[in-house]
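> Each residue of the sequence shown is one higher than the one before, counting from 190 in the numbering used here.
Supplied in structure tokens, the structure appears directly below.
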Amino acid sequence: MGRKLWLSIIFMMVIPGFGAPLGVQAEGDERPIMHRHEQKENDHHKEIRKKIEEFEKRGYKQENIRKAILIAKHAEVEPQEVLDTYQMTNSWQATAKSFRIDYEKIKQHHQEKGQAFFKQNKPQILKELIAYTGKDETELADYLEKEISMKTLMKAAVVAKLSETELEHIIKENQEGKSWKDIILEREIDPNALKSEMKNLFHKVKNKSD
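See below:
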């Protein structure tokens, strides 16, 4: 439960093929067959996305919804209760404290889990990035040798593809101190397209690591 919810909060993965019977595929449908364990996880992510969409319709910002879900998970309360408290405190630290949760501690915990995922799945991620970028393994591995994180390389690859820019230019700009926000804005990349592309890449890696 904890691992699945964490993955939902951080990546909000979009998985195609809702509504298809388990392991059954219509003639002419070229999508991957969805098996039972994939369908179960699919339903879980769909439920999380539905909750976030409901809160968004009521005027809550997605960033605040995610933080509320994170605190609610650790406090074992409903996200609405956390959001109501935040509206009174206007501070996530104070909100978490009211539920006897150390906000900085849980943030660090989830960041470490994210870092662990990239570290543990380095071979699978590298393989996907080779196919995704068309670059050879030596070139991509060279970036990692230069202390560029796997997460940064993954994001740079997506930004490069969506903006039709050479990967090396994106990495160079980021390494020179330009924020991802500025890099994305300058290239007029749709934030939703970026999220979707990142989720799809992550999903491919996760499926092969299970």
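Even glycine gets a Cβ: it sits at the ideal position worked out from N, Cα and C.
Owing to the predicted nature of the structure, the values given are computational and were not obtained by experimental measurement.
What is the rounded straight-line gap between the Cα of F288 and the Cα of K311?
The alpha-carbon atoms of F288 and K311 are separated by roughly 36 Å.
> Could you give the uninterrupted runs of the alpha helix (DSSP H) lying entirely in the region 231–255, keeping only those of 4 residues or more?
For the region 231–255, not a single whole alpha helix (DSSP H) run of length 4 or above is found.
> Got a sec? Which residues, its chain only, sit under 6 Å from H263 by beta carbon, not counting five neighbours each side?
Excluding residues within five positions, the ones whose Cβ falls inside 6 Å are I290, I295.
> Using DSSP with H/G/I as helix, E/B as strand and the rest coil, what is I359?
Residue state, collapsed to three classes: helix.
> To the nearest angstrom, report how far apart Q364 and L318 are at their CA atoms.
The alpha-carbon atoms of Q364 and L318 are separated by roughly 19 Å.
> Using the rule of at least 16 other Cβ atoms within 10 Å of the residue's Cβ for burial, across every protein chain shown, is A215 buried or exposed?
Confidence in A215 is poor, its pLDDT being 44 and thus under 50, which makes the residue's placement unreliable; the coordinate value appears in the next sentence. Looking at its Cβ environment, which holds fewer than 16 other Cβ atoms inside 10 Å, A215 is exposed.
> Measure how close the beta-carbons of L351 and L342 come, nearest whole angstrom, since I'm counting them as under 8 Å.
Contact flag wrong, Cβ pair sits at about 15 Å.
> If I measure Cβ to Cβ from F307 and keep anything under 6 Å in the same chain, skipping five residues before and after, which residues do I get?
Closer than 6 Å at the Cβ level, and outside the excluded window around F307, lie M339, K340.
> Could you round the C-beta distance between L390 and Y292 to whole angstroms and report it? I think they count as a contact, below 8 Å.
Not really, about 29 Å apart at Cβ, beyond 8 Å.
> Closest to G248 by CA distance: which of L272, A346, E265 is it?
For G248, the nearest C-alpha among the options comes from L272.
> Would T327 be called buried (16 or more neighbouring beta carbons within 10 Å of its own) or exposed?
Looking at its Cβ environment, which holds fewer than 16 other Cβ atoms inside 10 Å, T327 is exposed.
> Once the 5 residues before and after F244 are set aside, which same chain residues still bring their CB inside 6 Å of it?
Only I254 meet the Cβ criterion.
> Is the beta carbon of T284 less than 8 Å from the beta carbon of I260?
In this structure, I260 lies closer than 8 Å to T284 by Cβ.
> Excluding five sequence neighbours on each side, which residues of the same chain lie with their C-beta closer than 8 Å to the C-beta of E386?
For E386, where only same-chain residues beyond five positions count, the Cβ hits under 8 Å are V347, K350, L351.
> Rounded to the nearest angstrom, what separates W369 and Q269 at their Cα positions?
Distance between the alpha carbons of W369 and Q269: 31 Å.
> Pop quiz: I360 and I337 are said to be a contact at Cβ under 8 Å. What is the actual Cβ separation, rounded to whole angstroms?
Confirmed, Cβ separation roughly 6 Å.
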